[in-house]
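Novice: Residue numbers (my numbering): 97 to 455. One structure is given below, represented as structure tokens, and several questions about it will come after.
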Amino acid sequence: MRKKTIKKRTHNYKKHIGKAPGTLVYTGKKTEKQLQIECFDYTKDSLNESVLTNIEDARSYKETDSVTWINIDGLNSLSEIENIGKQYDLHPLVLEDIVNTTQRPKIDEYDDYLFVVLKMLYYDADENVVIEQVSLILGKNYVLSFQESEGDVFDTVRDRIRLGNGRIRGLKSDYLLYALIDAVVDHYFSIIETLGNKIEDLENDLFEGHAKDNINIEVQQLKREILKVRRAIFPLREIINRIEKGEHPLIYKRTITYYRDIYDHLIQVSENIDIYREMIWSLMDMYMSTISNRMNEVMKVLTIISTIFIPLTFLAGIYGMNFDNIPELHYKYSYFILLAVMFVMLILMLIYFKRKKWL
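Here it is in structure tokens:
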């Protein structure tokens with residue numbers, strides 16, 4: 097008997113099995129790109145934007161009176177990530193979570209800093225949802241951000257810092273943390289909008305009868321997509337709720353109102369996700385109903401055809417019997433009369449079906 101081969105799936109979290117707590121294991125895609133460090137050091141009246149070439153240079157910004165945002169792209173350089181952790185006195189478990197790209201969004205509070213993990217969402221060229229982990233560390237006068245790869249949704253924050261627009265240059269690092277989280281959350285709306293358009297397009301195709309043969313596969317892909325988005329976004333509500341209701345000394349009371357605004361946005365995003373999730377589940381039912389209706393139409397046509405031919409077949413069967421004593425058999429116009437009767441019966445049945453709206 098032939099044995100069935102079962103394909104085994106490998107999961108990134110298995111890389112941590114057997115490792116000591118605090119061991120740095122990068123679970124993302126391996127790349128050859130070097131670590132890139134972008135630095136914004138600013139006050140209300142000044143700005144110093146630079147790219148750090150040496151990881152040790154980041155330490156000099158820890159004790160300054162200005163606010164510093166250090167953005168780090170690339171998590172595969174574990175030694176350099178560990179070096180940053182030593183310079184800023186980060187706990188080994190924090191460094192472990194930074195390089196673990198499968199980490200669930202969360203917030204950890206320490207005496208000197210806050211550690212926040214969240215997911216940044218965007219669409220690639222093939223309109224597939226890409227989920228990238230972003231780790232944020234809030235210190236007294238600095239914010240460290242760690243990303244998997246180059247490219248993010250923080251360009252608006254960079255522009256506000258460069259131009260000095262809004263409150264960002266005049267407030268502390270807790271407001272900078274808010275601005276970064278708010279940029280990620282604002283981008284969720286574009287993801288939700290694209291998902292909604294996909295669902296509505298499929299729904300219209302089903303209603304109008306223009307559905308593709310592989311629409312069930314598209315529905316299944318959409319269902320997986322919305323579940324991925326839901327898992328990435330929903331835990332962030334708990335994070336913002338803890339910041340809003342917590343009393344950590346790094347979060348000033350004047351900034352709590354802004355975090356409350358993020359929470360309101362997350363509620364709106366979550367409600368839309370739940371609505372689209374229900375719509376996706378109903379799309380498959382709608383697809384099955386469409387197939388059933390098509391089958392019913394085919395069966396109705398076949399039934400009408402069969403019903404029409406039953407009396408005609410009956411007449412043809414009677415006069416097709418090989419008996420000599422059939423009164424109308426030898427009549428001169430029997431054939432034409434029989435055809436006329438069959439034709440009249442056909443017309444009358446079609447009229448009847450039409451009035452019953454069966455046709």
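In this text, a Cβ means the ideal position worked out from N, Cα and C, and glycines have one as well.
1) In the DSSP assignment, find the unbroken beta strand (DSSP E) run with LEU217 in it and report its ends.
2) Contact defined as beta carbons within less than 8 Å: I believe ARG474 pairs with SER366. What is the distance between those atoms, to the nearest angstrom?
3) Excluding the 5 residues flanking TYR463 on each side, which residues of the same chain have their C-beta closer than 8 Å to its C-beta?
4) Give the DSSP bridge partners of PHE242, in chain order.
5) I need the straight-line Cα distance from HIS361 to LYS294, nearest angstrom please.
6) Look up THR101 in the DSSP assignment and say whether it is helix, strand or coil.
7) Thinking C-alpha only, which one of THR164, SER162, GLY170, ARG155 is nearest LEU186?
8) ILE203 bridges to which residues according to DSSP?
9) How many angstroms separate the CA atom of ASN179 from the CA atom of GLY235?
10) In three-state terms, what does DSSP make of ILE347?
11) Can you list, in chain order, the residues of its chain whose CB lies under 6 Å from that of GLY181, leaving out five sequence neighbours each side?
12) Quick check on the DSSP output: the alpha helix (DSSP H) that includes GLU176 runs from which residue to which?
13) In or out: ASN224 buried (at least 16 other Cβ within 10 Å) or exposed?
14) First and last residue of the alpha helix (DSSP H) that includes PHE136?
15) Scan the segment 311–361 and note each continuous beta strand (DSSP E) run of 3 residues or more that stays entirely inside, going in chain order.
16) Using the Cα positions of LEU458 and ILE422, report the straight-line distance between them to the nearest angstrom.
17) Helix, strand or coil for GLU393? Go by DSSP, reduced to three states.
18) On the three-state DSSP scale, how would you describe ASN293?
19) Mind checking VAL281: buried by the 16 CB within 10 Å criterion, or exposed?
20) Report, in whole angstroms, the separation of the C-beta atoms of LEU148 and ARG258, which I expect to be a contact under 8 Å.
21) Would you call the CB atoms of ILE194 and SER241 closer than 7 Å?
22) For GLY170, count neighbouring C-beta atoms within 10 Å of its own C-beta (all shown protein chains included) and say buried if the count is 16 or more, exposed if not.
23) Determine, using beta carbons only, whether ALA328 and LYS452 come nearer to each other than 7 Å.
24) When DSSP builds the beta bridges, which residues end up paired with LEU143?
25) Grab me the residues of ASN167's own chain with a C-beta within less than 6 Å of its C-beta, minus the 5 sequence neighbours each way, in chain order.
26) Which of the three DSSP states, helix, strand or coil, is assigned to LEU435?
27) Determine the direct distance from the alpha carbon of SER378 to that of ASP270, and round the result to whole angstroms.
28) Note down, in chain order, each residue of its chain lying with its Cβ closer than 8 Å to the Cβ of ILE376, except the 5 sequence neighbours on either side.
29) Using C-beta distances below 7 Å, list every residue in its chain close to GLU244, excluding the 5 sequence neighbours before and after it, in chain order.
30) What would DSSP say about LEU267, mapped onto helix, strand or coil?
31) Can you look up VAL249 in the DSSP assignment and give me helix, strand or coil?
32) Determine, using beta carbons only, whether SER162 and ASP137 come nearer to each other than 7 Å.
Specialist: According to the data block:
1) Numbered from its first residue, the sequence shown carries residue 217 at position 121. Segment 210–219, the beta strand (DSSP E) holding LEU217.
2) Lying before the first or after the last residue shown, residue 474 is absent from the chain, which here runs from 97 to 455.
3) With the chain covering only 97 through 455, there is no way to say anything about residue 463.
4) Residue mapping note: residue 242 aligns to position 146 of the sequence shown, counting from 1. The partner list for PHE242 (beta bridge, DSSP) reads ILE168, SER231.
5) Translated into positions along the sequence shown, residue 361 becomes position 265. Translated into positions along the sequence shown, residue 294 becomes position 198. C-alpha separation (whole angstroms): 22 Å.
6) On the sequence shown, residue 101 is found 5 positions in, with the first residue counted as 1. Below a pLDDT of 50, predicted positions are generally treated as unreliable, and THR101, at 38, falls in that range; no measurement from the model is reported.
7) Translated into positions along the sequence shown, residue 186 becomes position 90. Checking every option, the nearest Cα to that of LEU186 belongs to ARG155.
8) Here the question's residue 203 lines up with position 107 in the sequence shown. Paired residues: VAL212.
9) The residue you call residue 179 lines up with position 83 of the sequence shown. The residue you call residue 235 lines up with position 139 of the sequence shown. Cα-Cα distance, rounded: 17 Å.
10) For the purposes of this step, residue 347 is taken as residue 251 along the sequence shown, with counting starting at 1. In this structure, ILE347 counts as coil in the three-state DSSP scheme.
11) Here residue 181 corresponds to residue number 85 of the sequence shown, with the count starting at 1. Around GLY181: LEU191.
12) In the sequence shown, counting from the first residue as 1, residue 176 sits at position 80. Looking at the DSSP string, the run of the alpha helix (DSSP H) that includes GLU176 is 174–183.
13) As a working mapping, residue 224 is identified with position 128 in the sequence shown. Label assigned to ASN224: exposed.
14) Counted from its first residue, the sequence shown places residue 136 at position 40. Looking at the DSSP string, PHE136 is not in any alpha helix (DSSP H); the run it does join, the beta strand (DSSP E), is 132–138.
15) none
16) Because the chain in this structure spans residues 97 to 455, residue 458 falls outside the shown range and cannot be described.
17) Along the sequence shown, read from residue 1 onward, the residue named residue 393 stands at position 297. Three-state DSSP puts GLU393 in a helix.
18) Here residue 293 is taken as the residue at index 197 of the sequence shown, counted from 1. Here ASN293 sits in helix by DSSP.
19) For the purposes of this step, residue 281 is identified with residue 185 of the sequence shown, where counting begins at 1. Result: buried.
20) Here residue 148 is taken as the residue at index 52 of the sequence shown, counted from 1. Here residue 258 is taken as the residue at index 162 of the sequence shown, counted from 1. At roughly 18 Å, the Cβ-Cβ gap does not stay under 8 Å, so LEU148 and ARG258 are not in contact.
21) As a first step, residue 194 is located in the sequence shown; it is residue number 98 there, counting from the start. As a first step, residue 241 is located in the sequence shown; it is residue number 145 there, counting from the start. No, Cβ-Cβ distance for ILE194 and SER241 is not below 7 Å.
22) Residue numbering aside, residue 170 sits at position 74 when the sequence shown is read from its first letter. Classification for GLY170: buried.
23) Within the sequence shown, the letter at position 232 stands for residue 328. Within the sequence shown, the letter at position 356 stands for residue 452. Not in contact: ALA328 and LYS452 (Cβ atoms no closer than 7 Å).
24) In the sequence shown, counting from the first residue as 1, residue 143 sits at position 47. For LEU143, which the question treats as bridged, DSSP gives the partners TYR138.
25) Position 71 of the sequence shown, counted from the first residue, corresponds to residue 167. Same-chain partners within the cutoff: GLU134, SER241.
26) As a first step, residue 435 must be located in the sequence shown, where it is residue number 339. Here LEU435 sits in helix by DSSP.
27) On the sequence shown, residue 270 is found 174 positions in, with the first residue counted as 1. On the sequence shown, residue 378 is found 282 positions in, with the first residue counted as 1. Using only the alpha carbons, I get a separation of about 43 Å.
28) As a first step, residue 376 is located in the sequence shown; it is residue number 280 there, counting from the start. Excluding residues within five positions, the ones whose Cβ falls inside 8 Å are ILE295, VAL315, LEU318, LYS319, ILE322.
29) Numbered from 1 along the sequence shown, position 148 holds the residue referred to as residue 244. The residues are GLY124, LEU171, THR197, GLU228, GLN229.
30) Residue mapping note: residue 267 aligns to position 171 of the sequence shown, counting from 1. Of the three classes helix, strand and coil, the one that applies to LEU267 here is coil, per DSSP.
31) As a working note, residue 249 is residue 153 in the sequence shown. Reduced to three states, the DSSP call for VAL249 is coil.
32) Working through the sequence shown from its first residue, we reach residue 162 at position 66. Working through the sequence shown from its first residue, we reach residue 137 at position 41. Against a cut-off of 7 Å, the Cβ pair of ASP137 and SER162 comes out as a contact.
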